[in-house]
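Beneath this line is the structure, given in structure tokens, with notes to follow.
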Amino acid sequence: MANPLIIVESPAKAKTLGRFLGGKYDIRASMGHVRDLPKSTLGIDIEHSFKPEYVTIPGKESTIKELKAAAKGASDILLASDPDREGEAIAWHLAHVLHLKDPRRIELHEITPSAVEKALNALRPMNQDLVDAQQARRVIDRLVGYKLSPLLWKKIRKGLSAGRVQSVAVRLVCEREEEIEKFVPVESWTLDAMLSKLDLPQRVFAARLLSKQGSEEKLDLTQESQVREIIGQLEGASYKVLSIETKDSTRNAPPPYKTSTLQQDASNRLRLKPNRTMSLAQQLYEGVELGTQGPVGLITYMRTDSFRISDEAATAARHFITDHYGPTYARRDKVEFKAKGPVQDAHEAIRPTDVERTPDSMRPFLTPDLFKLYRLIWQRFTASQMTAARFAQTRVDIGAADYVFRANGSVLVFDGFTRVWERDSDNDEEKELPALTVDELLNLQELKPEQHFTQPPPRYTEASLIKALEEFGVGRPSTFAPTVEVIQTRHYVRQEERRLFPTELGKTVNGWLIEHFPVIVDVKFTAGMEEELDDVEEGRRKWVPIVREFFKPFSKTLTKAEATARVKVPMRETGEDCPKCKEEGRNGRLVYRMSRLGEFIGCSLYPECDYIKGREGQEKAPPPEPTGEPCPRCGKPLVKRTGKRGPFVACSGYPKCRYVKREIDPADIVPDRVCPTCGKPLLNRKGRFGSFIGCSGYPDCRYIEGGKRTVTPPAASELLLDDPCPRCGKPQVMRTGRYGEFKSCSDYPTCKPERAARTTAGRGRGPRARKSTVPAA
Numbered sequence: 002m003a004n005p006l007i008i009v010e011s012p013a014k015a016k017t018l019g020r021f022l023g024g025k026y027d028i029r030a031s032m033g034h035v036r037d038l039p040k041s042t043l044g045i046d047i048e049h050s051f052k053p054e055y056v057t058i059p060g061k062e063s064t065i066k067e068l069k070a071a072a073k074g075a076s077d078i079l080l081a082s083d084p085d086r087e088g089e090a091i092a093w094h095l096a097h098v099l100h101l102k103d104p105r106r107i108e109l110h111e112i113t114p115s116a117v118e119k120a121l122n123a124l125r126p127m128n129q130d131l132v133d134a135q136q137a138r139r140v141i142d143r144l145v146g147y148k149l150s151p152l153l154w155k156k157i158r159k160g161l162s163a164g165r166v167q168s169v170a171v172r173l174v175c176e177r178e179e180e181i182e183k184f185v186p187v188e189s190w191t192l193d194a195m196l197s198k199l200d201l202p203q204r205v206f207a208a209r210l211l212s213k214q215g216s217e218e219k220l221d222l223t224q225e226s227q228v229r230e231i232i233g234q235l236e237g238a239s240y241k242v243l244s245i246e247t248k249d250s251t252r253n254a255p256p257p258y259k260t261s262t263l264q265q266d267a268s269n270r271l272r273l274k275p276n277r278t279m280s281l282a283q284q285l286y287e288g289v290e291l292g293t294q295g296p297v298g299l300i301t302y303m304r305t306d307s308f309r310i311s312d313e314a315a316t317a318a319r320h321f322i323t324d325h326y327g328p329t330y331a332r333r334d335k336v337e338f339k340a341k342g343p344v345q346d347a348h349e350a351i352r353p354t355d356v357e358r359t360p361d362s363m364r365p366f367l368t369p370d371l372f373k374l375y376r377l378i379w380q381r382f383t384a385s386q387m388t389a390a391r392f393a394q395t396r397v398d399i400g401a402a403d404y405v406f407r408a409n410g411s412v413l414v415f416d417g418f419t420r421v422w423e424r425d426s427d428n429d430e431e432k433e434l435p436a437l438t439v440d441e442l443l444n445l446q447e448l449k450p451e452q453h454f455t456q457p458p459p460r461y462t463e464a465s466l467i468k469a470l471e472e473f474g475v476g477r478p479s480t481f482a483p484t485v486e487v488i489q490t491r492h493y494v495r496q497e498e499r500r501l502f503p504t505e506l507g508k509t510v511n512g513w514l515i516e517h518f519p520v521i522v523d524v525k526f527t528a529g530m531e532e533e534l535d536d537v538e539e540g541r542r543k544w545v546p547i548v549r550e551f552f553k554p555f556s557k558t559l560t561k562a563e564a565t566a567r568v569k570v571p572m573r574e575t576g577e578d579c580p581k582c583k584e585e586g587r588n589g590r591l592v593y594r595m596s597r598l599g600e601f602i603g604c605s606l607y608p609e610c611d612y613i614k615g616r617e618g619q620e621k622a623p624p625p626e627p628t629g630e631p632c633p634r635c636g637k638p639l640v641k642r643t644g645k646r647g648p649f650v651a652c653s654g655y656p657k658c659r660y661v662k663r664e665i666d667p668a669d670i671v672p673d674r675v676c677p678t679c680g681k682p683l684l685n686r687k688g689r690f691g692s693f694i695g696c697s698g699y700p701d702c703r704y705i706e707g708g709k710r711t712v713t714p715p716a717a718s719e720l721l722l723d724d725p726c727p728r729c730g731k732p733q734v735m736r737t738g739r740y741g742e743f744k745s746c747s748d749y750p751t752c753k754p755e756r757a758a759r760t761t762a763g764r765g766r767g768p769r770a771r772k773s774t775v776p777a778a
């Protein structure tokens with residue numbers, strides 16, 4: 002008897018499900034999407050309600066063939082791709098290629114035996130609203146990418162791209178840099194009295210100058226002369242306790258993780274990049290080998306904007322806390338955490354599937370990074386179900402001459418959730434004061450004046466940029482990590498010591514977009530678009546009117562922008578003269594330039610002067626510069642080195658560790674697509690068997706599509722020719738090959754022209770004859 006067929010996205014997920022379901026089901030993996038918009042054309046019929054023209058992704062023909070064969074002999078077909086927009090779209094495309102009339106979905110929020118059994122008993126139909134929301138995003142992003150990106154190539158530089166979310170992210174980084182550049186520091190002063198009890202001189206505590214006696218207005222000290230005058234007035238003064246106030250305070254546990262907060266904490270605490278965090282979380286969700294137990298999903302679905310926890314999980318956590326820490330540490334009732342702003346709430350918060358699987362018990366089965374991330378998720382969830390930490394706070398006002406000083410103290414009375422969740426050292430609330438009484442005289446050890454200056458807003462880190470995107474309502478859990486990755490891959494933003502700086506290219510593109518396409522980089526507009534997509538998902542709106550409302554004004558703006566002049570990217574100077582020009586009597590300056598390998602320092606007079614700082618034979622290479630990132634292989638710091646081909650990032654543990662960070666040429670990035678396995682950008686690559694699409698996260702992620710030739714899409718709509726293809730009738734485009742420009746069908750490689758004879762005219766001879774291997778007679 003035939004078994005039912007279950008189709009999932011990845012082999013890891015298939016393996017985990019296979020262990021739970023035994024031989025009762027045939028479980029196959031689609032390896033992500035099987036259909037998408039074509040690479041070589043826009044793929045959207047604008048005149049007919051923006052109908053997408055989906056095609057089979059190159060290289061997926063064999064996968065589809067295998068799935069069709071499996072489906073033909075199956076008693077039933079169930080689609081178990083991820084429970085979000087992208088997963089629903091994958092299932093929808095599978096239903097189309099397999100010609101399923103009534104497709105049914107398995108919705109898995111966690112991959113455990115009980116969750117799988119529950120999902121199999123609660124099959125649901127395809128959610129067309131989810132599909133439409135994904136389709137609307139895909140169509141809008143394709144319209145922006147294929148219409149606007151080529152214009153950037155024409156007006157600024159080849160290989161550039163623009164997108165709704167990525168362009169807003171670049172704008173945020175640029176505006177923060179402008180704030181920092183315009184910032185004017187303001188001087189201020191504080192005065193601390195270092196005091197002690199008369200009978201306990203070794204126990205010194207600080208009290209800060211607050212106000213004049215009898216006044217509630219805080220003293221505003223802006224100049225050193227003010228402080229010196231007050232110090233003079235305090236000379237010989239006695240210090241007496243005026244009042245003591247004590248109160249109890251509590252600090253509640255933080256909520257369990259959602260996608261954005263997990264990415265932020267993993268970045269801040271574990272030094273993991275957002276894409277790396279999501280790749281690790283995907284592995285923990287899909288299943289990890291636990292010895293004789295086989296593969297088990299250790300966490301719930303990792304793309305969520307909700308703090309919600311199931312009743313069963315909360316109850317299990319309280320039992321675990323009671324058994325291991327005592328009843329005083331466990332909450333009596335389930336706590337509900339509220340999120341700021343609109344929440345889709347389609348999935349639970351990120352939590353361990355079984356709280357009894359403690360980090361220490363899982364350590365033997367996990368790689369170092371998987372262990373660190375699992376421990377973070379487990380500790381955060383467990384702490385969220387624990388009681389508050391309690392503090393005893395003390396406030397002491399001390400009089401001296403006409404002035405009041407204030408000392409604050411805080412003592413931990415009950416550790417509560419901090420038993421599991423380590424407090425940040427920067428926010429440490431403990432500072433114990435000695436036992437004091439009102440009217441008690443104190444001994445002055447020292448008066449410490451200190452000058453301060455207001456600080457500019459800090460530059461974004463990857464973590465704080467994700468936080469800002471979420472607060473502004475820009476992007477969704479599935480887009481945060483790819484957005485932060487792509488703005489660096491495109492060289493719009495660079496990272497130094499974990500801080501994000503806009504490059505000159507990023508500033509130029511941002512300025513041009515603000516001038517000509519203000520809507521694309523408008524935070525409120527982009528956030529509003531996300532809300533409209535949420536409305537589609539909830540069934541409140543249809544997707545086509547939303548796309549039409551966007552495209553009509555966008556199309557008019559495109560026409561206007563076509564008439565604008567080309568913009569030159571300014572070069573950022575280093576402040577140094579070019580040493581080669583100095584020797585040869587020229588006035589060259591050293592500037593930062595951009596290559597496909599990243600930023601390097603060269604002469605401003607290029608090509609007249611080809612000097613590159615650090616090039617072999619010109620000068621000794623500079624010492625390795627720390628990047629602030631750990632090596633993903635051995636954990637040692639990554640450093641920026643300069644070789645004969647320019648700068649590169651590698652492990653400081655060389656030669657024992659030979660890790661080199663792969664730099665990406667922006668022109669190789671596949672527009673509008675990310676790896677379905679890890680979320681990193683997909684690239685056009687070349688191998689021994691021809692061109693193919695592969696993940697930029699290689700070798701950590703080995704996702705590829707096909708081994709057939711892939712073609713870079715037309716650079717702009719103006720490249721489409723009026724001359725139709727003689728074979729299929731579709732428009733032809735101008736492309737550039739190894740022998741120069743040539744005409745080609747826009748539907749290549751589906752439509753391939755007959756191989757033409759190569760012209761040999763003008764060479765003076767015919768083709769070279771192959772040397773004979775037959776011996777002469």
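Residue numbers for the sequence shown follow our numbering, beginning at 2 and rising by one. Quick reminder that beta carbons are idealized off the backbone N, C-alpha and C, glycines included.
ASP398 by DSSP, collapsed to three states: which one? strand
Is the number of C-beta pairs between the region 179-190 and the region 522-542 that are closer than 8 Å three or more? no
At which residues does the beta strand (DSSP E) containing HIS453 begin and terminate? 442-454
Is there contact between the region 227-235 and the region 375-393, where contact requires at least three CB pairs shorter than 8 Å? no
Considering only the beta carbon of each residue, do ALA315 and LYS335 sit closer than 8 Å? yes
Are the beta-carbon atoms belonging to ARG381 and PRO360 less than 8 Å from one another? no
Under 6 Å Cβ to Cβ from TYR26, same chain only, skipping five residues before and after it: list those, please. ASN4, PRO5 and ILE7
Own chain residues within Cβ distance below 7 Å of ARG567, not counting five before or after: LYS156
With DSSP as the reference, identify every bridge partner of PHE415, one or two as the case may be. ARG391
Do the region 191-207 and the region 500-507 touch if we need at least three Cβ pairs shorter than 8 Å? no
Assuming THR301 contacts THR262 (C-beta within less than 8 Å), just tell me the rounded distance between them. Contact flag wrong, Cβ pair sits at about 14 Å.
May I have the straight-line CA-CA distance separating THR774 from GLY688, to the nearest angstrom? Note on THR774: pLDDT 39, under 50, position unreliable in the model; the coordinate value appears next. So the two alpha carbons sit approximately 31 Å from each other.
Using the C-alpha atoms, what's the distance from ARG29 back to GLU178? 49 Å
Beta-ladder partner(s) of ILE45, from DSSP: PRO53
If distances are taken between C-alpha atoms only, which option among ASP306, GLY629, GLU10 and ARG573 comes closest to ILE602? ARG573
Reduced DSSP category for VAL174 - H, G, I as helix; E, B as strand; rest coil: helix
Which ranges would you report for the beta strand (DSSP E) in the region 466-511 if only whole runs of at least 3 residues count? 494-497 and 500-503
Of the residues ARG332, ARG495, PRO126 and ALA116, which one's Cα is nearest the Cα of LEU79? PRO126
CB contact flag (PHE518, THR480, <8 Å): no
Restricting to runs no shorter than 4 residues, where is the alpha helix (DSSP H) found entirely within the region 318-385? 360-363 and 369-385
In this structure, how does DSSP classify ASP85 when only helix, strand and coil are distinguished? coil
Beta strand (DSSP E) segment containing ARG686, residue limits: 682-688
C-alpha distance - ASP249 paired with ALA267, whole-angstrom precision: 32 Å
Quick check on this structure: which residue in LEU22, VAL117, TRP93 and ASP130 has the alpha carbon closest to the alpha carbon of LYS543? ASP130
Residues sharing a beta bridge with ASP130, DSSP: ASP130 pairs with nothing; no bridge assigned.
Within its chain, find whatever has a CB closer than 7 Å to the CB of GLY626; leave out the 5 residues flanking it on each side and keep chain order. First, the residue type needs correcting, since residue 626 is Glu and not Gly in the sequence shown. Hits under 7 Å: VAL640 and LYS641.
So, LEU273 versus ASP370, is the Cβ gap smaller than 8 Å? yes
Taking only the alpha-carbon atoms, compute the straight-line gap between GLN619 and GLY576 and give it to the nearest angstrom. A caution first: GLN619 carries a pLDDT of 46, below 50, which makes its placement in the model too unreliable to give a value.
Alpha carbon to alpha carbon, how far is ILE670 from SER692? 13 Å
Report the option in LEU210, VAL145 and THR247 whose CA atom is closest to the CA atom of ILE231. LEU210
Indicate the three-state DSSP secondary structure (helix, strand or coil) for TRP154 in the structure shown. helix
Assuming ASN511 contacts VAL171 under a Cβ cut-off of 8 Å, what Cβ separation, rounded to an integer in Å, is found between them? 5 Å
Per DSSP, what are the beta-bridge partners of TRP190 in this structure? GLN452
DSSP-derived helix/strand/coil call for THR860: Absent from the model: residue 860. The displayed extent of the chain is 2 to 778, so no value can be given.
Given GLU180, which residues of its chain have a CB within under 6 Å of its CB, disregarding the five upstream and five downstream residues? PRO458
In or out: SER1 buried (at least 16 other Cβ within 10 Å) or exposed? This structure cannot settle anything about residue 1, because the visible part of the chain is limited to 2 through 778.
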